[in-house]
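Peer 1: For reference, each letter of the sequence shown is one residue, going 328 to 722 in our numbering. Note that CB positions come from ideal geometry on N, CA and C, so glycine has one too.
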Amino acid sequence: MRAVLLKGPSQYEGTRTFIDHAAAALARRGYQADVVDLLGVETPIVPILEAASNGPTAFAFSINMLGEARDGFGRTMSQMFAAPHVVWHVDYILSQEQRLETTPSDTALLMVDPTQVEALASIYGPDRFTNTGFCPHAAVGEAAPVADDLARWEAERDVPILWCGTLQKLKTTPWADADAPTRKVFDDAYDLALSVEWIPPHEAMDQVLASRGLDLSNPAYAGARRAARHLDVQVRCTRRFEFVKALAKTGLPVRICGLGWDADLYRFKNATYEGAVPMSRMSELMRRSRVVLNTNGNFGGGSHERPLSALLAGAAVFSDYSRFYGQAFEEGREISLFRWMDLKGGMAQLADLAANPGKARDIAAAGQRRVIAEHTWDSRIAVVLNAAGLPPTAG
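1) To the nearest angstrom, how far is the alpha carbon of A350 from that of I450?
2) Determine the DSSP secondary structure at D533, reduced to helix, strand or coil.
3) May I have the straight-line CA-CA distance separating P605 from D679, to the nearest angstrom?
4) When you compare each of A721, G722, A715 and L586 to S405 by their alpha carbons, which one comes out closest?
5) In whole angstroms, give me the CA-to-CA distance for I708 and G468.
6) Compare the Cα-Cα distances from N683 to each of E481, A551, N381 and F461 and report the closest residue.
7) Note down the Cα distance separating G722 from M328, rounded to an integer number of angstroms.
8) By DSSP, does H464 sit in helix, in strand, or in coil?
9) Starting from the N-terminal side, write out each stretch of the alpha helix (DSSP H) that is 4 residues or longer and does not extend beyond the region 425-483.
10) Report the rounded CA-to-CA distance for P431 versus L677, giving the unit in angstroms.
11) Which class does Y648 belong to by DSSP, given the choice of helix, strand or coil?
12) Just to confirm, are Y652 and L664 a CB contact at a threshold of 9 Å?
13) Considering L489, what are the terminal residues of the beta strand (DSSP E) in which it resides?
14) Within the chosen definition, does the region 520-532 reach the region 610-618 through at least 3 CB pairs nearer than 8 Å?
15) What is the DSSP secondary structure of A590, reduced to helix, strand or coil?
16) Evaluate contact between the region 332-348 and the region 386-394, counting only Cβ atoms and requiring at least three cross-stretch pairs below 8 Å.
17) Going by DSSP, name the residue or residues bridged to G629.
18) Flag this pair as yes or no: are the beta carbons of V439 and G585 separated by less than 9 Å?
19) Using only the alpha-carbon positions, how far apart do P546 and M532 sit?
20) Taking the straight line between their C-alpha atoms, what separation do you get for G399 and H348?
21) If I follow the unbroken alpha helix (DSSP H) through K572, where does it start and stop?
22) Could you say if the region 578-593 and the region 446-464 meet the contact criterion of at least three C-beta pairs nearer than 8 Å?
23) If I measure Cβ to Cβ from A410 and keep anything under 7 Å in the same chain, skipping five residues before and after, which residues do I get?
24) So the candidates are L712, L365, V698 and M674; which of them puts its Cα closest to the Cα of L579?
25) For R502, which residues of its own chain have a beta-carbon under 6 Å away from its beta-carbon, when the five flanking residues on both sides are left out?
26) What span of residues does the beta strand (DSSP E) with K498 cover, start to end?
27) In this structure, how does DSSP classify Y419 when only helix, strand and coil are distinguished?
28) Under a three-way DSSP split, which group does R582 fall into?
29) Given this structure, state the Cα-to-Cα distance separating R650 from A554, to the nearest angstrom.
30) Does the Cβ-Cβ distance between C462 and V711 come in under 9 Å?
31) Tell me, please, which residues DSSP counts as bridged to E658.
32) With a 10 Å radius around its C-beta and 16 neighbouring C-beta atoms as the bar for buried, classify A478 as buried or exposed.
33) Which same chain residues end up closer than 7 Å to L353 when comparing Cβ atoms and leaving out the 5 residues on each side of it in sequence?
34) Keeping to the same chain, check which residues put their C-beta closer than 7 Å to that of Q723; ignore five residues upstream and five downstream.
35) Run through DSSP, which three-state label would H348 get?
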């Protein structure tokens with residue numbers, strides 16, 4: 328049974344790495360995994376059609392893209408391949424509005440936060456997309472041994488604390504140019520989102536709209552509800568920057584990689600900056616790290632690949648709480664989690680973790696065992712196959 332996986336451009340090579348891991352996992356389950364690389368291709372539909380003509384296809388798989396694709400005859404991806412098309416959205420789903428408008432209703436849509444599945448059904452209606460589901464990230468990279476001997480574990484890991492990710496700051500809110508009543512709606516939703524540990528962006532927007540007497544079931548307000556994507560951006564950037572400022576104040580030694588940091592490195596007394604690095608380099612650094620930091624953005628119900636990959640690499644993880652992490656891991660034993668409503672306490676928790684390598688090593692070891700058992704692509708590919716209506720192994 329042949330699977331076609333479509334690989335496009337990606338910042339830090341993230342989704343390209345995911346496709347490679349998914350292909351390898353499919354091969355281990357007996358599927359023929361054909362990867363079609365669209366990077367730099369002037370007319371992407373050409374290699375897509377060539378892949379479709381290369382024989383029977385069990386399903387096609389893409390990340391963030393091609394739900395909207397059509398060939399010259401207007402055929403969808405499912406029609407071109409005469410097979411299910413599964414799209415895994417790893418970005419906030421409402422930010423994909425233009426693509427969603429022309430994505431066929433029978434396309435299987437997977438999301439990395441279950442509340443985004445709920446948002447899609449609530450805003451677009453339960454019949455607009457008939458095959459949706461939650462598919463958390465999976466770890467990428469290779470497992471690195473977690474030495475039983477603490478001194479050896481410390482010696483093998485010369486990076487005390489690692490942060491990998493973009494630092495994005497907004498000069499103005501995404502709604503700054505709107506009229507005054509609209510700005511007030513967004514401002515109130517933003518204040519609500521920051522006043523609690525976490526609320527899904529669409530729920531914050533819906534609460535504010537409902538408080539003004541609007542009937543959320545009225546299709547006329549669907550556009551306003553989809554605009555929760557702007558709220559997602561603002562809350563994500565605000566909280567990440569608050570975390571960065573709090574981290575800098577601790578004076579803890581940290582190695583940083585990612586875009587957008589140049590203007591804020593002055594805040595850190597003890598930082599090494601690598602700039603932007605591909606995911607392969609990130610995985611290498613994780614294998615040399617004792618503690619890896621994460622903020623889940625505004626995905627408070629779901630996942631990011633960073634904690635899973637870091638645990639696979641044998642590092643302890645310090646992250647904000649998400650419902651997924653709380654359910655998937657034993658807090659304090661397999662992962663260390665902080666709460667946004669007590670960021671100061673979270674920094675004390677991080678300082679304690681950095682000062683107690685034995686505790687960090689124990690979390691790394693226990694977390695790695697959990698990830699290997701449940702959160703690699705060998706496990707996660709079953710979710711993709713189920714969305715395509717296919718068996719877990721090729722017959």
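Peer 2: Considering the structure as presented:
1) Residue numbering aside, residue 350 sits at position 23 when the sequence shown is read from its first letter. Residue numbering aside, residue 450 sits at position 123 when the sequence shown is read from its first letter. When rounded, the distance between both Cα atoms is 33 Å.
2) In the sequence shown, the residue the question calls residue 533 occupies position 206. D533 falls in the helix class under three-state DSSP.
3) Counting from one through the sequence shown, the residue named residue 605 turns up at place 278. Counting from one through the sequence shown, the residue named residue 679 turns up at place 352. The alpha-carbon atoms of P605 and D679 are separated by roughly 30 Å.
4) Walking along the sequence shown from the start, residue 405 turns up at place 78. For the residues A721, G722, A715 and L586, the minimum Cα distance to S405 belongs to A715.
5) For the purposes of this step, residue 708 is taken as residue 381 along the sequence shown, with counting starting at 1. For the purposes of this step, residue 468 is taken as residue 141 along the sequence shown, with counting starting at 1. Their backbone Cα atoms lie some 16 Å apart in a straight line.
6) In the sequence shown, counting from the first residue as 1, residue 683 sits at position 356. When each option's Cα is compared against that of N683, the closest is E481.
7) In the sequence shown, residue 722 corresponds to position 395, counting from 1. In the sequence shown, residue 328 corresponds to position 1, counting from 1. For G722 and M328, the distance between alpha carbons rounds to 8 Å.
8) In the sequence shown, residue 464 corresponds to position 137, counting from 1. Coil, per DSSP.
9) 441-451 and 477-483
10) By one-based count along the sequence shown, residue 431 stands at place 104. By one-based count along the sequence shown, residue 677 stands at place 350. If I take the Cα positions, the gap works out to 46 Å.
11) Here residue 648 is taken as the residue at index 321 of the sequence shown, counted from 1. Note: Y648 maps to coil in three-state DSSP.
12) Residue 652 sits at position 325 when you count from the first residue of the sequence shown. Residue 664 sits at position 337 when you count from the first residue of the sequence shown. Contact flag set, yes.
13) Counted from its first residue, the sequence shown places residue 489 at position 162. Counting along the chain, the beta strand (DSSP E) containing L489 begins and ends at V486 to C491.
14) no
15) Within the sequence shown, residue 590 is the residue found at index 263, counting from 1. It is helical.
16) yes
17) Reading the sequence shown from its first residue, position 302 is the one you call residue 629. Answer by DSSP bridge pairing: none, since G629 is not bridged.
18) The residue labelled residue 439 in the question sits at position 112 within the sequence shown. The residue labelled residue 585 in the question sits at position 258 within the sequence shown. Not in contact: V439 and G585 (Cβ atoms no closer than 9 Å).
19) The residue labelled residue 546 in the question sits at position 219 within the sequence shown. The residue labelled residue 532 in the question sits at position 205 within the sequence shown. Rounded to the nearest angstrom, the two C-alpha atoms are 15 Å apart.
20) If you number the sequence shown from 1, residue 399 lands on position 72. If you number the sequence shown from 1, residue 348 lands on position 21. Using only the alpha carbons, I get a separation of about 31 Å.
21) Your numbering for residue 572 matches position 245 in the sequence shown. Start and end: A555 to T577.
22) no
23) Here residue 410 is taken as the residue at index 83 of the sequence shown, counted from 1. So the qualifying residues of the chain are T384, A385, F386 and A387.
24) For the purposes of this step, residue 579 is taken as residue 252 along the sequence shown, with counting starting at 1. Looking at the Cα atoms, M674 is the closest of the given residues.
25) Looking up residue 502 in the sequence shown gives position 175. One detail in the question is off: residue 502 reads as Trp in this sequence, not Arg. Result list for W502: R510, F513 and H557, in chain order.
26) Here residue 498 corresponds to residue number 171 of the sequence shown, with the count starting at 1. Counting along the chain, K498 falls outside any beta strand (DSSP E), and DSSP gives it neither H nor E.
27) In the sequence shown, the residue the question calls residue 419 occupies position 92. Three-state DSSP puts Y419 in coil, outside helix and strand.
28) In the sequence shown, counting from the first residue as 1, residue 582 sits at position 255. Correct three-state label for R582: strand.
29) Translated into the one-based positions of the sequence shown, residue 650 becomes position 323. Translated into the one-based positions of the sequence shown, residue 554 becomes position 227. Approximately 24 Å, taken between the alpha carbons.
30) Position 135 of the sequence shown, counted from the start, is the residue given in the question as residue 462. Position 384 of the sequence shown, counted from the start, is the residue given in the question as residue 711. Yes, the Cβ-Cβ distance between C462 and V711 is below 9 Å.
31) For the purposes of this step, residue 658 is identified with residue 331 of the sequence shown, where counting begins at 1. Looking at the DSSP assignment, E658 forms a beta bridge with I662.
32) Against the sequence shown, residue 478 aligns to sequence position 151. Answer is exposed; the Cβ neighbour count stays below 16.
33) The residue labelled residue 353 in the question sits at position 26 within the sequence shown. Cβ neighbours of L353 beyond the five flanking positions: A330, A360 and I708.
34) No statement about residue 723 is possible, as the shown extent of the chain runs from 328 to 722 and does not include it.
35) By one-based count along the sequence shown, residue 348 stands at place 21. Looking at H348 - three-state DSSP - the assignment turns out to be helix.
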